[in-house]
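In what follows, a single structure is set out as structure tokens and then discussed.
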Amino acid sequence: MPDGATRMFDGPVTGAAVAASIGAGLAKAALAIKIDGQLRDLSRVIDRDARIAIITREQPEGIELLRHDAAHVMAQAVKTLFPETQVTIGPSIDTGFYYDFARDQPFALDDLAKIEEKMREIVRADQPFVREEWPRDQAIAHFENLGEHYKAEIIRDLPEGEIISIYRQGEFLDLCLGPHAPSTGKIGMGFKLTKLAGAYWRGDSRNPMLQRVYGTAWASEKELAHYLFQLEEAEKRDHRRIGRELDLFHLQEEAPGQVFWHPKGWTMFRILENFIRSRLEPAGYDEVKTPQLVDQSLFKASGHWDMYGANMFKVEHDEGARVAGIKPMNCPGHVQIFRQGLKSYRDLPLRYSEFGACHRNEPSGALHGIMRVRAFTQDDAHIFCTEDQVVSECEAYIRLQLGVYEALGFDKIDVKLALRPEERYGTDAIWDRAEGSLRSALERAGLSYTDLPGEGAFYGPKIEFHLHDAIGRTWQCGTLQFDGVLPERLDASYIGEDGQRHRPVMLHRAILGSLERFLGILIEQYAGKFPLWLAPVQAVVATITSDADDYAREIQKACIAVGLRVEADLRNEKINLKVREHSLAKVPVMLVVGKREAETGMVALRRLGGKDQEIVALNDVIHRLSIESAVPSA
RNA sequence: GCCAGUUUAGCUCAGUGGUAGAGCAACGGUUUUGUAAACCGUCGGUCGUCGGUUCAAAUCCGACAACUGGCUCCA
808 MPDGATRMFD
818 GPVTGAAVAA
828 SIGAGLAKAA
838 LAIKIDGQLR
848 DLSRVIDRDA
858 RIAIITREQP
868 EGIELLRHDA
878 AHVMAQAVKT
888 LFPETQVTIG
898 PSIDTGFYYD
908 FARDQPFALD
918 DLAKIEEKMR
928 EIVRADQPFV
938 REEWPRDQAI
948 AHFENLGEHY
958 KAEIIRDLPE
968 GEIISIYRQG
978 EFLDLCLGPH
988 APSTGKIGMG
998 FKLTKLAGAY
1008 WRGDSRNPML
1018 QRVYGTAWAS
1028 EKELAHYLFQ
1038 LEEAEKRDHR
1048 RIGRELDLFH
1058 LQEEAPGQVF
1068 WHPKGWTMFR
1078 ILENFIRSRL
1088 EPAGYDEVKT
1098 PQLVDQSLFK
1108 ASGHWDMYGA
1118 NMFKVEHDEG
1128 ARVAGIKPMN
1138 CPGHVQIFRQ
1148 GLKSYRDLPL
1158 RYSEFGACHR
1168 NEPSGALHGI
1178 MRVRAFTQDD
1188 AHIFCTEDQV
1198 VSECEAYIRL
1208 QLGVYEALGF
1218 DKIDVKLALR
1228 PEERYGTDAI
1238 WDRAEGSLRS
1248 ALERAGLSYT
1258 DLPGEGAFYG
1268 PKIEFHLHDA
1278 IGRTWQCGTL
1288 QFDGVLPERL
1298 DASYIGEDGQ
1308 RHRPVMLHRA
1318 ILGSLERFLG
1328 ILIEQYAGKF
1338 PLWLAPVQAV
1348 VATITSDADD
1358 YAREIQKACI
1368 AVGLRVEADL
1378 RNEKINLKVR
1388 EHSLAKVPVM
1398 LVVGKREAET
1408 GMVALRRLGG
1418 KDQEIVALND
1428 VIHRLSIESA
1438 VPSA
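Mind the numbering: the first sequence is residues 808 to 1441 in our numbering, read in order.
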């Protein structure tokens, strides 16, 4: 037992019997049993000494199991209501489950309610889940006879000799590894079908599209309600909504995937850009700027034209005689700067940075607010170095990057190592060394990470840094990519100690990735309540009566003189209204002045969301706000 | 790009074949006001675009576009 206790039985017993021997309550709550770390059905017979743990809905494994059970019940409900539908796969996911179905007629939104109602019937009926083991041929024949060709295909693809387990609940049979709860009643009513989507069979866009139904499932109805409430709260911090409410930016039909930055949003953009600049300069980067419109020959030489030409914007010029591409990345341009003049090993490492505006014709379905756009600005840089310098350069970059994330208030970052893809340039030897270098750098920096096999770029492996948005989606922001190919293709070289020409290694790296995306994430992270250094308007001077107008103007002027971003609200309105409006606009500080303050040279300082105010001398306020507005350091 | 859905005033949303609505915002006036909504009044829409059906279309049909949620993709 997990608590260290031991129980003896005369002979083999089922998990259910073990649970019952401990107590009636546990027997009722039990969903599955862990035998020597393996999750099993309660009906599984234990015929030897083992470490066991009874799993209930209180444990994460228990919830996951219930979500998987719910997927089965959904498949059963769909087969009952729409018998011509084929079932395919239906796993549990983070907050629930889904099931992919194949049918000619797509589901309608109304069908979800019907399916959900049928699921509730099945749960109420409390049908037992029964595990059976079938011979492979019998299983294939069974599903083929039912017209379940996808299921038959899955079984055919299982390795020979694998036990084929089938779970039965009522009339419904499904191929499944298990385990499952003893019966459908255990699922309870804390579930809800949420959305309808298309999904390719086996995740491959060359395959037919299936109908995916998503659901969410929880241990109780209360937890379900809590989750739905959280979703609503998350929606309130959606960057598209806050972007409009705070007048930061807008998007419109004539320029899909491109941002119209309003003055306040652009202020934030520049602050963020300058913040990165302030970090890059001490780290030994040299900022450059390269052309937007470049002849196709350069992109053909780099390999991008072949690999991504379909997603590049192209422009005919010289009356159609020539074709240029709008740059989709900055690397070929940086190589051109490197190639100017002869470089010595003494010049390396060379670090060229650029706030490069790039355009990519992203698929229409991929666009999302300002997070996934067609025109974006990368905080890009390319490090040209010798192979010996790779690990230390990577490590230095990782530390620089983590420092930036920390300063911006992010601590939950997923680190991934994307390894060689099928379609790639360069020899296996180069890839072995490249992947090895990135691993060493990650280890030296003490980061834990997960491998992503096959996900690397065509020219090299990469480290990806992913951040989470308000509703749990993750976005790739920072990246570090090893490139042993481009210097060769674009003929970049340096003179080594031996007097011979050598190829440098190129490291592509970006900390924020896309400034547009990163601002989107920051908006959601802070829900629009930005720290003072980032807030587009740091304070509003609000007057109580027109007697204080001149004083208010004086305050605004004094603040602007020390670099604070301050507006004055002299409208003929009640202070209540002004407080309300600037609070809704999420201005961090309000400086309220009436006749009293004007006469004494004081200011009533009020913080966003605060209940009370503080009467402070004008010079004091300016001093304090200046200090608080400092860009995060170290 | 694929599947599903959405598109009506600046915003949020009603409006199921018969002259387009509400709240908030905006604008004008009155109010000089002490920390999250003063009062009165006014303006505002070729109902995403184009085409079709009909005596008549926001409403029915078709195409296209943009957006949303997924899938695929993301140099």
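All C-beta atoms, glycine included, are put in the ideal place defined by N, C-alpha and C. Quick caveat, the model's predicted, so the values are computed rather than measured.
Where residue i sits in the DSSP three-state scheme
i            : result
residue 1191 : strand
residue 1155 : coil
residue 905  : strand
residue 1340 : coil
residue 983  : coil
residue 1265 : coil
residue 962  : helix
residue 949  : helix
residue 1066 : coil
residue 1353 : helix
residue 1250 : helix
residue 955  : coil
residue 1074 : helix
residue 970  : coil
residue 1433 : helix
residue 1143 : helix
residue 1334 : coil
residue 887  : helix
residue 823  : helix
residue 812  : coil
residue 1087 : helix
Residues near residue i in its chain [Cβ-Cβ closer than 7 Å; skip 5 each side]
i            : result
residue 1291 : 1233, 1237, 1241, 1267, 1312
residue 1068 : 1056, 1076
residue 1115 : 1135
residue 854  : 819
8 Å CB neighbourhood of residue i in its chain, flanking five on each side removed
i            : result
residue 1144 : 1095, 1097, 1159
residue 1198 : 1244, 1247, 1248, 1251
residue 1155 : 1191, 1192, 1193, 1196, 1301, 1311
residue 962  : 943, 946, 947, 950, 971, 982
In DSSP terms, what residue i is bridged to
i            : result
residue 1257 : 1223
residue 1112 : Residue 1112 is not bridged to any residue.
residue 1106 : Paired residues: none, contrary to the question.
residue 975  : 937, 980
residue 910  : BP columns for residue 910 are empty, so no partner.
residue 1290 : 1313
residue 1282 : 1274
residue 927  : DSSP, once it has assigned bridges, lists no residue as partnering residue 927.
residue 1124 : 1129
residue 899  : 904
residue 1093 : 1159
residue 1100 : 1133
Neighbourhood of residue i by C-beta, 6 Å cutoff - its chain only, sequence neighbours within 5 removed
i            : result
residue 1288 : 1264, 1267, 1269, 1315
residue 1007 : 1014, 1016
residue 850  : 821
residue 1435 : 1339
residue 1054 : 1069, 1071
residue 1306 : none
residue 1004 : 1019
Proximity test, residue i beta-carbon vs the ligand ATP heavy atom, cut-off 7 Å
i            : result
residue 1082 : The model depicted lacks the ligand ATP and carries no ligand whatsoever.
Quick check: the segment 1297 to 1304 against the segment 1254 to 1265, are at least 3 beta-carbon pairs closer than 8 Å? In short, these stretches do not touch, since the Cβ pair count stays below three.
Threshold first: 3 residues or longer. Then list the beta strand (DSSP E) segments lying entirely within the segment 1292 to 1325, N to C. 1312 to 1321
Kindly provide the ranges of any alpha helix (DSSP H) runs that are 4 or more residues long and lie completely inside the segment 830 to 884, ordered along the chain. 831 to 836
Runs of alpha helix (DSSP H) lying entirely within the segment 987 to 1056, each at least 4 residues, in chain order: 1028 to 1043, 1046 to 1052
Give, in chain order, every unbroken run of the alpha helix (DSSP H) that is at least 4 residues long and sits entirely within the segment 1355 to 1422. 1356 to 1368, 1382 to 1391, 1402 to 1407
Below 8 Å, how does it come out for the segment 973 to 984 and the segment 937 to 951: are there three or more Cβ pairs, yes or no? yes
Would you mind listing the alpha helix (DSSP H) stretches within the segment 1159 to 1214 that are 4+ residues and don't spill past its ends, in chain order? 1197 to 1214
Is the segment 812 to 821 touching the segment 951 to 965, taking contact as three or more C-beta pairs under 8 Å? no
Any chance the segment 1361 to 1375 sits against the segment 1316 to 1327, with 3 or more Cβ pairs inside 8 Å? no
Segment contact, 8 Å Cβ cut-off, at least three pairs: the segment 1325 to 1333 with the segment 1273 to 1286: yes
Can you find at least 3 beta carbon pairs, one from the segment 825 to 843 and one from the segment 985 to 995, that sit closer than 8 Å? yes
I'd like to know if the segment 908 to 921 and the segment 990 to 1003 are in contact, where contact means that at least 3 CB-CB pairs between them fall below 8 Å. Yes, they touch.
Is the segment 1123 to 1135 touching the segment 1022 to 1030 in the sense that three or more CB pairs, one from each, lie closer than 8 Å? Put simply, the segment 1022 to 1030 does not touch the segment 1123 to 1135. Fewer than three CB pairs are less than 8 Å apart.
Can you confirm whether the segment 1396 to 1409 touches the segment 1341 to 1358 when touching is taken to mean that 3 or more C-beta pairs between the two stretches lie within less than 8 Å? yes
Can you find at least 3 beta carbon pairs, one from the segment 872 to 884 and one from the segment 900 to 910, that sit closer than 8 Å? Segment contact: the segment 872 to 884 against the segment 900 to 910, three or more CB-CB distances shorter than 8 Å; contact assigned.
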